[in-house]
Amino acid sequence: MIGRRALLKLGGSLMAWRPLARAAVLAQAPSPVFTPDHITTLAALADVTLPSAAGDDGRDDAVRKFVGWHVNYRAGADMGHGYGNSTLRARSGPAVAPRYAAQFAALDEAARRQGAGAFASASAAVRRAIVEATLNSPQPVNRLPSRPTGANLVADFMGLYFNSAPAFDLAYQAAIGRDDCRGLDNSDRPPAAMGGR
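Residues in the sequence shown are numbered from 226 upward in steps of one, following this note's numbering.
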């Protein structure tokens, strides 16, 4: 029997196809939280919200990490304490993924009003307009959350990516490795440039 991680890795290796084929492969990844249609929608969302410099692999990885974050979320988990803080944090709250079902439906409905069958099949221009409207209603999103809150699917997806180590590396074009635990060796040198520059 093949494990979830092995299946996701296999799906990731098949991502060289056209965007719709990419979305179809992603949608086959099993998830108790998201349906295949939801994952296809997330792939279409990634195509219009994440930097083109991330490439297909980077956008597909962002979808897998968003899905994985929710699949691995445990309500009531002990949160410990923050670095340098002796006060324990409150336990994790209830899962927020169930709040997304209506938001996925709203994205599809907005696309249908524009003449598309669903959000994932809409043109990039239509998807961008829907994303902009979603981020500005009922009230504008002024700050992307660093972890999903359930209040806005688009903001949660973008926030999880833009607060990730790959996004930092891409933004600075350097192998910063924000979440890596590094020793002091070579700590006086700047991070290596990405792409061998």
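The C-beta atom is built at its ideal place from N, Cα and C for all residues, glycine as well. Just so it is clear, the structure is predicted and the values come from calculations on it, not from any experiment.
>> Output needed for Y386: all residues of its chain with C-beta closer than 7 Å, excluding positions within five of it in sequence on either side, in chain order.
In response: L275, A287, A392
> How close, in whole Å, do the beta carbons of F291 and L313 come, if the pair is a contact with beta carbons under 8 Å?
Replying inline: So it is not a contact: roughly 28 Å between Cβ atoms.
>> Tell me which residues share the same chain as L395 and place their Cβ nearer than 8 Å to its Cβ, disregarding the 5 neighbours each side in the sequence.
In response: P276, A278, A279, G283, M419
> Excluding sequence positions up to five away, which residues of its chain have a Cβ less than 6 Å from the Cβ of Q328?
Replying inline: Counting only Cβ-Cβ distances below 6 Å, and skipping sequence neighbours, we find L378.
> Applying the criterion that 16 or more other CB atoms from any shown protein chain within 10 Å of the CB defines a buried residue, is T374 buried or exposed?
Replying inline: A residue is called buried when at least 16 other Cβ atoms come within 10 angstroms of its Cβ; T374 does not meet this threshold and is exposed.
> How many angstroms separate the CA atom of A330 from the CA atom of A302?
Replying inline: 30 Å
> Between which two residues does the alpha helix (DSSP H) carrying H295 extend?
Replying inline: From DSSP, the alpha helix (DSSP H) with H295 extends over 280 to 296.
> A418 bridges to which residues according to DSSP?
Replying inline: A399
> Run through DSSP, which three-state label would A354 get?
Replying inline: helix
> Of the residues L332, Y308, V321, D381, which one's Cα is nearest the Cα of V258?
Replying inline: V321
> Less than 7 Å between the CB of V379 and some heavy atom of the ligand FAD, yes or no?
Replying inline: Inclusion of the ligand FAD in the displayed structure is not the case, the ligand content being empty and no account of it being possible.
>> Suppose you measure from the CA of T453 to the CA of C406; what does that come to, to the nearest Å?
In response: This structure leaves residue 453 out entirely; the chain is present only between 226 and 422.
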